[in-house]
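**Student:**
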Amino acid sequence: MPTHLITGAGSGIGAAVTRRLLERGDDLVLLARDAGRAKEFADRYPGARTLVGDLSNPDRLSWAFGQQPMPERVDTLLHIAGVVELGAVGELTPKSWHFQLNANLIAPAEITRLLIPQLRAAQGHVLFVNSGAGLAAHAGWSAYAASKHGLKALADSLRHEEHGNGVRVTSVYPG
Numbered sequence: 006m007p008t009h010l011i012t013g014a015g016s017g018i019g020a021a022v023t024r025r026l027l028e029r030g031d032d033l034v035l036l037a038r039d040a041g042r043a044k045e046f047a048d049r050y051p052g053a054r055t056l057v058g059d060l061s062n063p064d065r066l067s068w069a070f071g072q073q074p075m076p077e078r079v080d081t082l083l084h085i086a087g088v089v090e091l092g093a094v095g096e097l098t099p100k101s102w103h104f105q106l107n108a109n110l111i112a113p114a115e116i117t118r119l120l121i122p123q124l125r126a127a128q129g130h131v132l133f134v135n136s137g138a139g140l141a142a143h144a145g146w147s148a149y150a151a152s153k154h155g156l157k158a159l160a161d162s163l164r165h166e167e168h169g170n171g172v173r174v175t176s177v178y179p180g
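If you count by my numbering, then the sequence shown holds residues 6 to 180, one letter each, in order.
#1: Taking A37 as part of the beta strand (DSSP E), name the residues at either end of that continuous run.
#2: Tell me the DSSP secondary structure of A8 in three-state form.
#3: Could you check whether L27 and L82 sit closer than 9 angstroms to each other, using their CB atoms as the reference points?
#4: If you follow the alpha helix (DSSP H) that H154 is in, where does it begin and where does it stop?
#5: Under 8 angstroms, with one C-beta from each stretch per pair, do the region 106-113 and the region 60-79 reach the 3-pair mark?
#6: Suppose the cutoff is 6 angstroms on Cβ atoms and the five residues either side in sequence are ignored; what does the same chain contact list for G171 look like?
#7: What does the Cβ neighbour count give for W68, buried or exposed, with the cut at 16 atoms within 10 Å?
#8: Are the CB atoms of A138 and A150 within a distance shorter than 9 angstroms?
#9: Looking only at its chain, what residues have a beta carbon closer than 7 angstroms to the beta carbon of T8, apart from the 5 residues adjacent to it on each side?
#10: Should the region 88-100 be called in touch with the region 41-57, which here means at least 3 C-beta pairs below 8 angstroms?
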C-alpha cells in the first residue's frame, strides 16, 4: 500500500483527502504542528502515523524530523496546509509576511528537500495545493499571493529538477 505524507490534515481539503486515503487503506503519515495536535490526529485518524513539525518555523524542521522515525519511502507528499492573513501592502507587518511565507512556501520547500531521498526511492509524487491567488494577485492579498506565486515557482523548478529521477510534481489551484 502506498505511503502518503500529508500537511494540513486537520481541516478543509487536507482533512477530506486524509479521510479518503485512510478509508482506502493507504499508509498515512500526518504532519502535526505540536504534540497536542499529533494526539488529536491519532485519535481522529486511527492507523495513521504522525510527525511533529511546525510549518511556521521551517528552520527547525530538519532537527524535528531527525528526532522522529521517518518513513523509508514516500509515494506521495501532499502539501495541503496553508495560512492566510489578508491586508494591503501598507498595512501588513514583517511578522505577517514571515508567517505566510514560512508556512506557505519555505516549509514546503524544506519538507520536500528533506524527503527527496524517499521520494526518489519510490519514484513518488509531490502535490502542491496552491490557490487561485498563486496565479493572479488582488488588492489586499499581497503576502498570501506572493507566497502562492512562490509556491508555483517552487513546483515548476522541482518538476524540472526531479523529472530524470522519476519524481512527478503536480500543482492544483482551488478557488
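Note that CB positions come from ideal geometry on N, CA and C, so glycine has one too.
**Tutor:** So, from the listed chains and residues:
#1: Taking the sequence shown and counting its residues from 1, one reaches residue 37 at position 32. Residues 32-37.
#2: As a position in the sequence shown, residue 8 is number 3, starting the count at 1. A small fix is needed here, since residue 8 is Thr in this sequence, not Ala. Three-state DSSP puts T8 in a strand.
#3: As a first step, residue 82 is located in the sequence shown; it is residue number 77 there, counting from the start. As a first step, residue 27 is located in the sequence shown; it is residue number 22 there, counting from the start. Cβ distance not < 9 angstroms, so L82 and L27 don't count as in contact.
#4: Along the sequence shown, one-based indexing puts residue 154 at 149. From DSSP, the alpha helix (DSSP H) with H154 extends over 147-167.
#5: yes
#6: Here residue 171 refers to the residue found at position 166 of the sequence shown. Cβ within range, chain order: Q128.
#7: In the sequence shown, the residue the question calls residue 68 occupies position 63. Flag for W68 reads exposed.
#8: Translated into the one-based positions of the sequence shown, residue 150 becomes position 145. Translated into the one-based positions of the sequence shown, residue 138 becomes position 133. Cβ atoms of A150 and A138: closer than 9 angstroms.
#9: Looking up residue 8 in the sequence shown gives position 3. Hits under 7 angstroms: D32, V34, P76, R78, V79, D80.
#10: no
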